[in-house]
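Residue numbers (the working numbering): 3 to 327.
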């Protein structure tokens, strides 16, 4: 297993123009920088992100087919990353002041989130020929996410972000040297006129940002407590439905997590753990909260990980007193 621990707070430049002189070290530096951009560009916080950064390894002189999955942690502060195909992985610290850091001052768009769907060729064209004129369009390009249910990629952002990207695409089309490149960029400009509007309540459902965990993709998912109650009403009790709806921020609830262990056994490929989650926001009967436990069987989830769930997942509610109700 290859694990890279890198501290961007250390001085990495030896020459006067601020470049990493060793070619191999420079390639690694740029690779890690692209991970920092991808993680700090998106709207996800403390949640695993399926980035478009390709794995750097070449087993058998062939490029690894995997892409980088990364998550930003707060305690300790850093970015944990790993390849979705091979065992290449690492931990990045001290990146807040480096040139690749895209900042924490982004604001979640009010009301509507906009989405642009692209195929691989269109995304590569954007990244090759379009030079972001500002932070908004750079965040869009760096924060591209892989589509979970179909081939291609999604870019999410506010109208401000896409307006800036639209200007950058049109500027690149005007200065393109090859007619074929100019036509392709003009086609992208047309695509930018047909953005899909996505409400944050839909994003909360997980239908857009891929936030509803699936065990075949994320190696964990939430168990349906209502289905368990229907199957075993005498032995599996849950609070009444009216109690599990309309809960507000600060409420602590218990959910059942189906987890793929880090070291699975043949007879138990999936295990179940009951863990507490504190609600941070609600959209109707849909909730987003933060995990308040450390799972026993996996390191994939950690305290503070965002969890998106509904009333059907709640098996217990923590009252003001010391005992759950």
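Note that the Cβ used here is the ideal one computed from N, Cα and C, for glycine as well.
| query | result |
| --- | --- |
| Residue 178 - DSSP class collapsed to helix/strand/coil | coil |
| Span of the alpha helix (DSSP H) around residue 138 | 137-144 |
| Distance CB(residue 82)-CB(residue 97) smaller than 9 Å | no |
| Opening and closing residue of the beta strand (DSSP E) in which residue 131 lies | Segment 122-131 is the alpha helix (DSSP H) holding residue 131; no beta strand (DSSP E) there. |
| Continuous beta strand (DSSP E) assignments of at least 3 residues falling wholly in the segment 66-102 | 69-76, 79-85, 91-95 |
| Minimum C-alpha distance to residue 161 - residue among 118, 177, 131, 126 | 118 |
| According to DSSP, residues forming a beta bridge with residue 244 | Answer by DSSP bridge pairing: none, since residue 244 is not bridged. |
| DSSP state of residue 38 mapped onto helix, strand, coil | helix |
| Contact under 9 Å by Cβ, residue 90 with residue 139 | no |
| Inter-stretch contact (C-beta, 8 Å, three-pair minimum) for the segment 216-227 and the segment 262-277 | yes |
| Nearest candidate by alpha-carbon position, reference residue 126, set 88, 67, 38, 154 | 154 |
| Simplified DSSP state of residue 1, which is helix, strand or coil | Nothing about residue 1 can be reported from this structure: the residues present for the chain run from 3 to 327 only. |
| When 60, 72, 312 are compared against residue 248, the one with the closest alpha-carbon | 312 |
| Selected residue, minimal CA-CA separation from residue 156, among 128, 176, 172, 63 | 128 |
| Per DSSP, the bridge partner or partners of residue 260 | 223, 274 |
| Inter-residue Cα distance where the pair is residue 315 and residue 57 | 36 Å |
| contact_flag[the segment 294-308, the segment 277-285] where n(CB pairs < 8 Å) is 3 or more | yes |
| 9 Å Cβ cutoff, residue 156 in contact with chain D | This model lacks chain D altogether; it includes just one protein chain. |
| Collapsed DSSP secondary structure at residue 32 in the structure displayed | helix |
| Bridge partners - residue 281, DSSP secondary structure assignment | 291 |
| Cβ neighbour criterion (16 or more within 10 Å) applied to residue 5 | exposed |
| Residue 302 - DSSP class collapsed to helix/strand/coil | coil |
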